[in-house]
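Take a look at the structure set out below.
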Amino acid sequence: MPAENAIIQPQGRPIWRNLLTVILAMGGIAVMVYYNLCDTDCRYLKGDLFGVDLKHVGIGFMAALIVLVIVRQSWLIRIMLASALGGEIHLVAFQAREEVFCPFCLTFAVILLVAYVVQYEFKGKGEKGLLKSILYLPGETVVPFLNNLRLPLIGFVLLGYLVMISAFSGSVTPAYGAEASPVPSFGKGKVEIIVFTDYFCPPCQAVEKDLEPVLESVLGKGQATVTFVDMPIHKRTPLYAKYFLYAVRAGKDYREAMKARHELFDLAKGSAPGSDADLAGALQARHVRLAQHDEKPTFQAWNEIIRQYGITSTPTLVVKHSGTDVRTYRGSTEIRQGLESLKKTLSPKEPPRKARRGKA
592 MPAENAIIQP QGRPIWRNLL TVILAMGGIA VMVYYNLCDT DCRYLKGDLF
642 GVDLKHVGIG FMAALIVLVI VRQSWLIRIM LASALGGEIH LVAFQAREEV
692 FCPFCLTFAV ILLVAYVVQY EFKGKGEKGL LKSILYLPGE TVVPFLNNLR
742 LPLIGFVLLG YLVMISAFSG SVTPAYGAEA SPVPSFGKGK VEIIVFTDYF
792 CPPCQAVEKD LEPVLESVLG KGQATVTFVD MPIHKRTPLY AKYFLYAVRA
842 GKDYREAMKA RHELFDLAKG SAPGSDADLA GALQARHVRL AQHDEKPTFQ
892 AWNEIIRQYG ITSTPTLVVK HSGTDVRTYR GSTEIRQGLE SLKKTLSPKE
942 PPRKARRGKA
């Protein structure tokens, strides 16, 4: 083969490039699985491609990449990585536009970029013309079944970008539907506490045991006003939120609302009934009273609160001590710290002790 037609490859053996690609792909899968499990907080940056959750698309993409490395189809690996990078350009731009950045998504994008660099190839010699050199500079691939046709990867980057623009559907703010109505609140204290959670969010479930006693204490002592906002991050949450509102309507005070909330979290962690009949039956078996009504106005009021405070993840705790002193705690770790701070703020201050006079 003439030297001018040879592909210039990075230094090192190709096996190391393939090994690095597999490691990066496994890292990408781990990031998406971790995000899917919602281990620290459930962040509401939702998106799908052709109706398929992007987290699942990412896992499938990286798995396919590993298979292609095993069967040594490097030309197809480069095409896939270039197309994925084009899609990521749109996804990162979407996050920037909405001013909500998902660390898991950005980590996945960096992994893709590094894998692209690892697999990068460019034939620098033998090209005539500046335009053609620039066209191939971002990388190229050789298609073996088309008589080793050389293709610039920039075209696949553009293709991936266009596919993502046309087939991607995303949102950053949870939404219910319908008319406005006041949200049920409990207590009459000067401090306002707003709790944003999702029954199916693992960190929300974990932090609930810390939230419950503190909220019951401040409500029992009349120290705070507490509002619960159920964020529809997981697909069954609107159903559970509806039955929380039914329980609030049937209940007499905050104690029954807290009990309903406790039982809903417990059901979400366990059997997770998925229909009206099953959930109503499960709650009634646990002695939770229900009163059906139109829940949509409250859902819309929740939407307004979510937008007002810019909440994009659960669990989130907002504590308003005054109009100028509003503290926001995101994730289970921050919330536990916030609860300790709240307890100290609301605890009665002991009067200074008088110094005892010593005996003469």
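Numbering (the working numbering), first residue to last: 592 to 951.
Note that the Cβ used here is the ideal one computed from N, Cα and C, for glycine as well.
Fair warning: this is a prediction, and the values are worked out from it, not measured in the lab.
Practice task
List the DSSP bridge partners of Y625.
Solution key: Here residue 625 corresponds to residue number 34 of the sequence shown, with the count starting at 1. According to DSSP, Y625 bridges with nothing at all.
Practice task
Answer yes or no: do K934 and V782 have a C-beta to C-beta separation smaller than 8 Å?
Solution key: In the sequence shown, residue 934 corresponds to position 343, counting from 1. In the sequence shown, residue 782 corresponds to position 191, counting from 1. No, the pair does not count as a contact, with Cβ atoms beyond the cut-off.
Practice task
Please name the residue in V683, A706 and R688 whose C-alpha comes closest to that of F695.
Solution key: Translated into the one-based positions of the sequence shown, residue 695 becomes position 104. Residue V683 is the option with its Cα nearest to F695.
Exercise for the section: Could you name the residues of the same chain whose beta carbon sits closer than 7 Å to that of I680, not counting the 5 residues immediately before and after it, in chain order? Expected result: Translated into the one-based positions of the sequence shown, residue 680 becomes position 89. Counting only Cβ-Cβ distances below 7 Å, and skipping sequence neighbours, we find Y752.
Problem - Nonlocal neighbours in the same chain, by C-beta distance under 6 Å from T919, ignoring five residues either side - result: Counting from 1 along the sequence shown, the entry for residue 919 is found at position 328. The answer, listed in chain order, is V909.
Problem - Sufficient close CB pairs (3 or more, under 8 Å) joining the segment 640-651 to the segment 718-735 - result: no
Exercise for the section: With K646 as the anchor, note down where its alpha helix (DSSP H) starts and where it stops. Expected result: Position 55 of the sequence shown, counted from the start, is the residue given in the question as residue 646. Element bounds for K646: L645 to I661.
Exercise for the section: Let me know the secondary structure DSSP gives V709 once reduced to three states. Expected result: Residue mapping note: residue 709 aligns to position 118 of the sequence shown, counting from 1. In the structure shown, V709 sits in a helix (DSSP, three-state: H, G or I).
Handout entry: Residue range of the alpha helix (DSSP H) that includes V754
Key = Residue 754 sits at position 163 when you count from the first residue of the sequence shown. I745 to A758 is the span of the alpha helix (DSSP H), which, as asked, contains V754.
Practice task
Let me know if S665 comes out buried or exposed under the rule of 16 or more other beta-carbons within 10 Å of its beta-carbon.
Solution key: Along the sequence shown, one-based indexing puts residue 665 at 74. Classification for S665: buried.
Handout entry: Where T788 falls, given that 16 or more other Cβ within 10 Å makes a residue buried
Key = Position 197 of the sequence shown, counting from 1, holds the residue named residue 788. Classification for T788: buried.
Handout entry: Strand pairing of I824, partner residues [DSSP]
Key = Along the sequence shown, read from residue 1 onward, the residue named residue 824 stands at position 233. Per DSSP, none; premise fails for I824.
Practice task
Would you decide whether D821 is buried or exposed? Buried here means 16 or more other CB atoms lie within 10 Å of its CB.
Solution key: Residue 821 sits at position 230 when you count from the first residue of the sequence shown. Buried, by the Cβ-count rule.
Exercise for the section: Examine the ligand FAD and report whether any of its heavy atoms sits within less than 7 Å of the Cβ of E689. Expected result: For the structure depicted, the ligand FAD is absent and the ligand set is empty, with no information on it obtainable.
Problem - Segments of 4+ residues assigned as alpha helix (DSSP H) that fall wholly inside the segment 847-925 - result: 867-876 and 887-900
Practice task
Taking only beta-carbon positions, decide if G811 is within less than 8 Å of chain D.
Solution key: The structure shown contains no chain D, having only a single protein chain.
Exercise for the section: Just tell me which of V817, T936, I670 and D639 has its CA closest to the CA of S760. Expected result: As a first step, residue 760 is located in the sequence shown; it is residue number 169 there, counting from the start. For S760, the nearest C-alpha among the options comes from D639.
Practice task
Give a yes or no on contact between the segment 848-856 and the segment 867-880, applying the rule of three or more CB pairs nearer than 8 Å.
Solution key: yes
Practice task
Give the DSSP-derived three-state secondary structure of S938 in the structure shown.
Solution key: Residue mapping note: residue 938 aligns to position 347 of the sequence shown, counting from 1. S938 sits in coil when the DSSP states are folded into three classes, being neither helix nor strand.
Handout entry: For V805, the three-state DSSP class (helix, strand or coil)
Key = Position 214 of the sequence shown, counted from the first residue, corresponds to residue 805. Here V805 sits in helix by DSSP.
Practice task
Starting from F787, trace the beta strand (DSSP E) both ways and give me its first and last residue.
Solution key: Here residue 787 corresponds to residue number 196 of the sequence shown, with the count starting at 1. Taken as a continuous stretch (DSSP letters only), the beta strand (DSSP E) holding F787 covers V782 to T788.
Handout entry: Of the listed residues C795, G922 and L726, nearest to I745 (C-alpha basis)
Key = On the sequence shown, position 154 is the one that residue 745 refers to. Residue L726 is the option with its Cα nearest to I745.
Handout entry: C-alpha gap between Y790 and K812, whole angstroms
Key = As a working mapping, residue 790 is identified with position 199 in the sequence shown. As a working mapping, residue 812 is identified with position 221 in the sequence shown. The straight-line gap from Cα to Cα measures roughly 27 Å.
Practice task
Go ahead and label G922 buried or exposed: buried means 16 or more other beta carbons lie within 10 angstroms of its beta carbon, across all protein chains shown.
Solution key: Counting from 1 along the sequence shown, the entry for residue 922 is found at position 331. Buried.
Practice task
Grab me the residues of A848's own chain with a C-beta within less than 6 Å of its C-beta, minus the 5 sequence neighbours each way, in chain order.
Solution key: In the sequence shown, residue 848 corresponds to position 257, counting from 1. Only V839 and G842 meet the Cβ criterion.
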